[in-house]
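Right, one structure below, let's go through it.
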Amino acid sequence: MPSDMKNANFPMDAEGHTYHVGLKRGEVCNRILTVGDPERARRLASLLDQDAPMFERESHRGFLTITGRFLGQPVSIIAIGMGMAMMDFMLREVRAVVDGPLCVIRIGTCGSIATAANVGDIIVPDGSAAVTRRFDAFFDLAAASSSPSAGELSADECYTFSRVFPADAELTAALREQLGQQLSEERVVPGVNVTADTFYAAQGRVDPSFVDRNAKHVEQIHEQYPDAVSLEMENFMLFHLARCATPLAPGVPSIRAAAAMIAVFQRQANTSLPKAELARLEMQAGRAVLDVLAHTLQDEELHPESESVW
Ligand code: URA
248 MPSDMKNANF PMDAEGHTYH VGLKRGEVCN RILTVGDPER ARRLASLLDQ DAPMFERESH
308 RGFLTITGRF LGQPVSIIAI GMGMAMMDFM LREVRAVVDG PLCVIRIGTC GSIATAANVG
368 DIIVPDGSAA VTRRFDAFFD LAAASSSPSA GELSADECYT FSRVFPADAE LTAALREQLG
428 QQLSEERVVP GVNVTADTFY AAQGRVDPSF VDRNAKHVEQ IHEQYPDAVS LEMENFMLFH
488 LARCATPLAP GVPSIRAAAA MIAVFQRQAN TSLPKAELAR LEMQAGRAVL DVLAHTLQDE
548 ELHPESESVW
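If you read the sequence shown in my numbering, its first letter stands for residue 248, the second for the next number, and so on.
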């Protein structure tokens, strides 16, 4: 249980720990590798410099933070679980307790919806759009489940499609180069990622137990985004908040963000990646991301106090 909180607008305890992620100043640093699965975070932490001090905090809301060093540079690995809301918690709460620019790279898994990306390929997107369920379209279920003309909205109006929010171009290029060296260039696939607010309906998975009106959903995604390659659940919020973060000074971004996603399903071919192969790829991707992070952000950009512990 967290201790007593102050400030209902942005709750923190008396020591300055944030409410959900549970971190205070000095426990998390400017370079962040974020993942969904806490076990993946622990496996990736084995790549950190083993002779450097390591900090670990598991919050009461399921966030796991491990801060240490890679190639001598401070890095935090943060597991957030799944979904856009968890990315929002993490980014806002970390932003509140770290001074200076943040560089955030996500390693996740995704489903490929493009023939160009097979299972085991790594997608490094140029940007991400959000596809979300339009809840009101399902209010009158009797109308929604009969003919498309019976409800107020037709089937292709049951989901909203956002604009594409870009990843940081420089980080993305560095990530592709590093991953290309770790795997091979042809297994690193560019394109647009689509973040869905759910794994099932908003990713076009058909579930006869619910009315979802999504039989043509993946087709509609391709119509909206001709370069769409992948579906997952977090990247949009990362790129969106990086764009919305108040600049540190004119022309100095507060958050720079990029992502690498391992394709674990190929939706057209209906294939899935064996677990052992995923474990191998996540370590290769982890090494590449940590390397990019370690070479990003110059000492003079960083606030001495925020990294003093490390
Ligand atoms: N994560 C998702 O959200 N969807 C997939 O198909 C695979 C991983």
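Backbone N, C-alpha and C define an ideal beta-carbon position, used for all residues, glycine too.
None of these values were measured; they are calculated from a predicted model.
Residue i - DSSP class collapsed to helix/strand/coil
i	result
residue 522	helix
residue 260	strand
residue 342	helix
residue 397	Reliability of the predicted coordinates at residue 397 is poor, the pLDDT of 49 falling under 50, and the value obtained from them is presented with this limitation in mind. Residue 397: coil per DSSP, three-state reduction.
residue 268	coil
residue 252	strand
residue 384	helix
residue 511	strand
Residue i: first and last residue of the uninterrupted beta strand (DSSP E) it sits in
i	result
residue 321	320 to 326
residue 361	Residue 361 -> no beta strand (DSSP E), and no H or E assigned at all.
residue 427	Looking at the DSSP string, residue 427 is not in any beta strand (DSSP E); the run it does join, the alpha helix (DSSP H), is 416 to 429.
residue 305	302 to 305
residue 450	Note, residue 450: premise wrong, no beta strand (DSSP E); not H, not E.
residue 440	439 to 443
residue 315	311 to 317
residue 408	406 to 408
Integer Cβ distance of residue i from residue j, believed to fall under 8 Å
i	j	result
residue 504	residue 486	6 Å
residue 315	residue 295	4 Å
residue 502	residue 380	At roughly 27 Å, the Cβ-Cβ gap does not stay under 8 Å, so residue 502 and residue 380 are not in contact.
residue 355	residue 326	11 Å between Cβ atoms; not a contact.
residue 410	residue 465	No, residue 410 and residue 465 are not in contact; Cβ-Cβ is about 19 Å, not under 8 Å.
Beta-carbon proximity list for residue i, same chain, < 7 Å, skipping 5 on both sides
i	result
residue 519	366, 511 and 512
residue 435	369, 371, 423, 426 and 427
Span of the alpha helix (DSSP H), counted from its first residue to its last, around residue i
i	result
residue 291	285 to 292
residue 484	482 to 491
residue 470	464 to 471
Nonlocal neighbours in the same chain, by C-beta distance under 8 Å from residue i, ignoring five residues either side
i	result
residue 535	422, 425, 426, 428, 429 and 507
residue 288	282, 311, 313, 324, 325 and 326
Residues of its chain near residue i, where Cβ-Cβ distance is below 6 Å and the 5 sequence neighbours each way are ignored
i	result
residue 541	317, 318 and 320
residue 528	509
residue 361	476
residue 450	443 and 478
residue 440	372, 375, 477 and 482
Cβ-heavy atom distance, residue i to ligand 2, below 8 Å
i	result
residue 512	Absent from the structure shown: ligand 2. Ligands present: ligand 1.
Burial state of residue i, where buried means 16 or more other Cβ atoms lie within 10 Å
i	result
residue 371	buried
residue 383	exposed
residue 397	In this predicted model, residue 397 has a pLDDT of only 49, less than 50, meaning its place in the structure is not dependable enough to derive any value.
residue 388	exposed
residue 323	buried
residue 438	buried
residue 417	exposed
residue 358	buried
residue 462	exposed
residue 300	exposed
residue 305	exposed
Below-9 Å beta-carbon distance, residue i vs any chain C residue
i	result
residue 429	The chain inventory of the structure shown lacks chain C, comprising one protein chain alone.
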